[in-house]
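So the structure is just underneath, and the comments pick up after that.
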Amino acid sequence: MSAESDLTTGPLEYRSHEDRMTILGFWIFLGAEIALFSTLFATYAVMFGRTAKAPSPAELFELPMVLIMTFLLLTSSFTCGIAIHEMRRGSLKGLLTWLAVTLLLGLGFLGFEIYEFVHYAHEGATLPSSAFWSSFFVLTGTHGLHVLLGISWASLLIVQLRRRGLTQVTSRKMFVVGLYWHFLDVIWIFIFTSVYLIGMVV
Amino acid sequence: MLDFLLNEFLVTGDPLIYGAMVSMVLVSIAIVYVLTYFKKWGYLWREWLTTVDHKKIGIMYIIAAIAMLFRGGVDALLMRTQLTLPGMEFLNSQHYNEIFTTHGTIMIIFMAMPFLIGLMNFVVPLQIGARDVAFPFLNAVSFWSFAIGALLFNLSFVIGGSPDAGWTNYAPMAGPNLNPGPNINYYLIGLQISGIGTLATGINFLATILKMRAPGMTLMRMPIFTWSSLITSLIITFAFPILTVALALMTIDRIFGSQFFTLTGDGMPMMWANLFWLWGHPEVYIVILPAFGIFSEVISTFARKQLFGYKAMVWSMVIIAGLSFVVWVHHFFTMGAGAGVNSFFSITTMLISVPTGVKIFNWLGTMYKGKIRFDTPMLWALGFIPCFVLGGVTGVMLAMAAADYQYHNTYFLVAHFHNVLIAGTVFGCFAGLTFWYPKMFGHKMNETLGKISFWFFLIGFNVCFLPMYFLGFAGMPRRTYSIEPEWMPLNVVSSVGAVLMAVGFAVFVYNIYYSFRYSPRETQGDAWDGRALEWATTTPVPFYNFATVPKVEGPEAYWLMKQKGKTTYDKNNLEPIHMPSDSGVPFIMMAFMFVAGFGLVWEWMIVAIAGLIGVLACMFIRSFDYDHGFHVSVEEIKETEEKARREEK
């Protein structure tokens, strides 16, 4: 299909030109995602302090819970890296094990996030409370939705990996999911810093 | 139930809308009848609805865009009728608001962009010597999401009521308190759905152009239209997510009660304006850069010279793309941001005229001492230059923040942006379509009719919009539905111009029919003595584009080949060609998206969720689909090529 030739050595996911193109396309998509989250961060920054009659973030944000969430997600990124490493070693079992650990950590993160949202709602901070809380819930909620999507996507992939083993296509898919997962981690680091840490001190 | 149908669901009480309903129903019945009578349902499904071929997708984009140009043009004529005389009672104020809103939205989102993306789809893979785009399946998803978004948006005219807050949809006017009901939701959801498709197109073409060029085609050997498509795709990729977020935030405001752009809860209506134009200004370059690319191709081909200042052309597009993201505040200098902010955006805006000016001089330089042929595509390009310069100069006037307080929201602005968007984008679309028409359909468009249509459109365009500058100076505000007596004479002139443009458009469309019937068929692929690789293929283009992948040895690849007497077909070097399989999933997925969108518009959450589940199910099916396409055998390629090339000998 192309002028560039296919390779017989190197990582499985980079061997065919088509797969290399898909990976590039996904990187470009991540660029678009950065634009998307930047817009949400900018909106959050503009709306910061516009809490109307709702509680302020400093009253509600609690470090322990956010730290747990951060550690869960950062660890999941690390285990995802190990999963890709196992894939490169050609070990399907290792890949599946570490991928499962990754997804469990992701689920844990989501659980805490849902608990956090419910907790804030009880304290009187909901989506319609004020411009600030709208932007908070939409920014963190969009990230959470991405995590949910990543978990569902990777679960479909587990089925395919078990059915087909490690092929060029399945490894490419796995690699792309990995990119996505690390990207969500990067976004979370920015949320942790610019939403929670700053929100607690300002 | 009946009460709901008559009072809320269907738009009632206006003869114009009853007429529209009747004509929609009649046209639908006619289409169904014709398809059934000629037994074309299978053909439609196999050849078009399930296709992943970039050429067919491009043609579908263009057909849809012409239909939308008609719809938007009718809106324009209705507005001009209302504004011709003082005290006209042709449209009431509400109806007028709806019509200028749909006119703007349709022309930008559902006409200009799809028209250019259609041309990009058809031409870019051919120009770089590729056999399809990088992600053919995604390309089909893009097209169908645009089609569904457009369908949803147009439905608002008869079901529920059209959006009426302007194409910029400013808050709090468009918010839930001042504007309840489904109409603004149509705007938000319609644009959201088609915007997803546009983003996918941007990513697709970036990957295509970066990774699928024929061997030897370095970036600086690419045809200039491909360059313009690359830069456009880059802008799309970074601008459209901003629109996605802005639309989503307002949708959440309207449906779930958040406070982003509201007047309560510390919301900020001006945040909408900022987000909208953060996307909106890059958007105007999304619709102008491909047109620049088309003009460059056309002028170089018909002046029979290599494009003058190729590198400067490329770099000026890159600079324009960069600047396009840092000028957005000039759309609302009157916001009250202060002198420092306004000065910054004033200067960045004026800076854009520098690379644009470079391009103008390069086009003039290309024509200098060229042996110019005055075929219709060239006429559109020649008409573009002076008209666009006028729009550019008035743009610099508007860029002066202090002076802008005078021009803001007057007809001066209306004249300015029509001067750049029509002379730039619409002329560009017409030039591009007539230029590549023989490649698409195997025959040229009739020259006489083409010229008649060009002159009507060009003269009508200037008669219509030049008076508006003076109306703006005379204080006529934008979006007013009735005029003062002292503005009458110039408004009459303007309306006459609008009618002339309508005649030009009608002749253009008739020309499509006439040429289909009577134009001589192309016997070889190179209709205009072209310079880039798209002319190296046979006409009609086989579905795999190139039998053997062309080798590029310099700029203007095909021109070089012709001089050396080479072709792209090498009978002894054929290999089986790998092609992607057609798929019905994109169409079905977007049909579900329509259900979801319609549910959201009416805030029927069960319908919306059902539709979204359908969309997810389609993604699920796609994820488990391991169909890698098929191979075209060497015998089949030989047979196809010999049939296509027989008459050339």
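So the protein sequences, as listed, match chains A and B. If you're matching positions, the first sequence starts at 1 in my numbering and goes up one per residue. If you're matching positions, the second sequence starts at 1 in my numbering and goes up one per residue. Glycine included, every Cβ here is placed at the ideal spot set by N, Cα and C.
Given the structure, does residue i come close to the ligand ZN, in the sense that its CB is under 7 Å from one of the ligand's heavy atoms?
i     : result
A:M47 : Absent from the structure shown: the ligand ZN. Ligands present: none.
How far does the alpha helix (DSSP H) with residue i in it extend, from its first residue to its last?
i      : result
A:H85  : 63-89
B:M589 : 585-601
A:T39  : 17-47
B:K439 : 427-441
B:Q406 : 401-407
B:H330 : Neither: B:H330 is in no alpha helix (DSSP H) and is coded neither H nor E.
B:W455 : 447-473
B:K562 : 557-563
B:A64  : 54-84
B:L199 : 183-211
B:F122 : 113-127
A:L99  : 92-122
B:T102 : 93-105
Do you know whose CA, among the options, lies nearest residue i's CA?
i      : options                        : result
B:W144 : B:Q306, B:C618, B:A591, B:V615 : B:A591
B:S519 : B:N7, B:M488, B:Y437           : B:Y437
A:G199 : A:D19, A:K53, A:A58            : A:A58
B:T237 : B:E283, B:G460, B:F260, B:I193 : B:E283
A:G141 : B:L249, B:N572, B:Y544         : B:L249
B:K56  : B:T36, B:D132, B:K40, B:L85    : B:D132
A:L179 : A:G10, A:S5, A:I28             : A:I28
B:A207 : A:P11, A:G10, A:H17            : A:H17
B:P550 : B:G19, B:Q82, B:Q127, B:L69    : B:Q127
A:L95  : A:A83, A:T102, A:T79           : A:A83
B:P477 : B:F412, B:F457, B:G442, B:C429 : B:F412
B:K564 : B:E553, B:A200, B:M113         : B:E553
B:H330 : B:S300, B:G395, B:G87, B:G129  : B:G395
For residue i, go through chain A and note every residue whose CB falls closer than 8 Å to its CB, in chain order.
i      : result
B:Q82  : Simply none; closest approach about 37 Å.
B:F620 : L156
B:I203 : G25, I28, F29, A32
If the cut is a Cβ gap below 8 Å, which residues of chain B does residue i touch?
i     : result
A:T43 : V245, L249, F260, M271, L275
A:T51 : D266
Quick one: give me the first and last residue of the beta strand (DSSP E) that residue i is part of.
i      : result
B:V341 : Counting along the chain, B:V341 falls outside any beta strand (DSSP E), though it belongs to the alpha helix (DSSP H) covering 339-367.
B:V632 : 630-632
Does the beta carbon of residue i sit closer than 8 Å to a beta carbon anywhere in chain A?
i      : result
B:S623 : yes
B:T226 : no
B:Y626 : yes
B:L2   : no
B:L210 : yes
B:D570 : no
B:L178 : no
B:A134 : yes
B:K649 : Low local confidence applies: a pLDDT of 47 at B:K649 is under 50, so the model's placement there is unreliable, with the coordinate-based value given in what follows. No, no contact with chain A.
Please compile the residues from chain A whose C-beta is within a distance smaller than 7 Å of the C-beta of residue i.
i      : result
B:A207 : M21, L24, G25, I28
B:F256 : L127
B:T237 : I28, G31, A32
B:D189 : Correcting the residue identity first, residue 189 of chain B is Ile in this sequence and not Asp. Here the premise fails: no neighbours, minimum Cβ distance about 17 Å.
B:L199 : A32
Taking residue i as the query, report the chain B residues whose CB atoms sit under 9 Å from its CB, ordered along the chain.
i      : result
A:Q168 : Simply none; closest approach about 10 Å.
A:V186 : Residues of chain B passing the Cβ test: none, with the nearest at roughly 16 Å.
A:V138 : V245, A248, L249, I252, S258, F260
Is residue i close to chain B, meaning its C-beta is less than 8 Å from at least one C-beta of that chain?
i      : result
A:T39  : yes
A:A32  : yes
A:S76  : no
A:S130 : yes
A:A3   : The predicted model places A:A3 with a pLDDT of 44, which falls under 50 and marks its position as unreliable; any figure quoted below should be read in that light. Taking Cβ atoms only, chain B reaches closer than 8 Å to A:A3, which makes this a yes.
A:V46  : yes
Kindly indicate if chain C contains any beta-carbon less than 8 Å away from that of residue i.
i      : result
B:F325 : Included in the structure are the protein chains A and B, with no chain C among them.
Checking the sheet assignment: what are the DSSP bridge partners for residue i?
i      : result
B:H578 : B:H631
B:I159 : B:L10
B:P282 : Answer is none; B:P282 lacks a bridge partner.
B:P477 : B:T410
B:R521 : B:H443
List, in order along the chain, the chain B residues whose C-beta lies closer than 7 Å to that of residue i?
i      : result
A:S134 : S258, Q259, F260
A:L36  : P241, T244, V245
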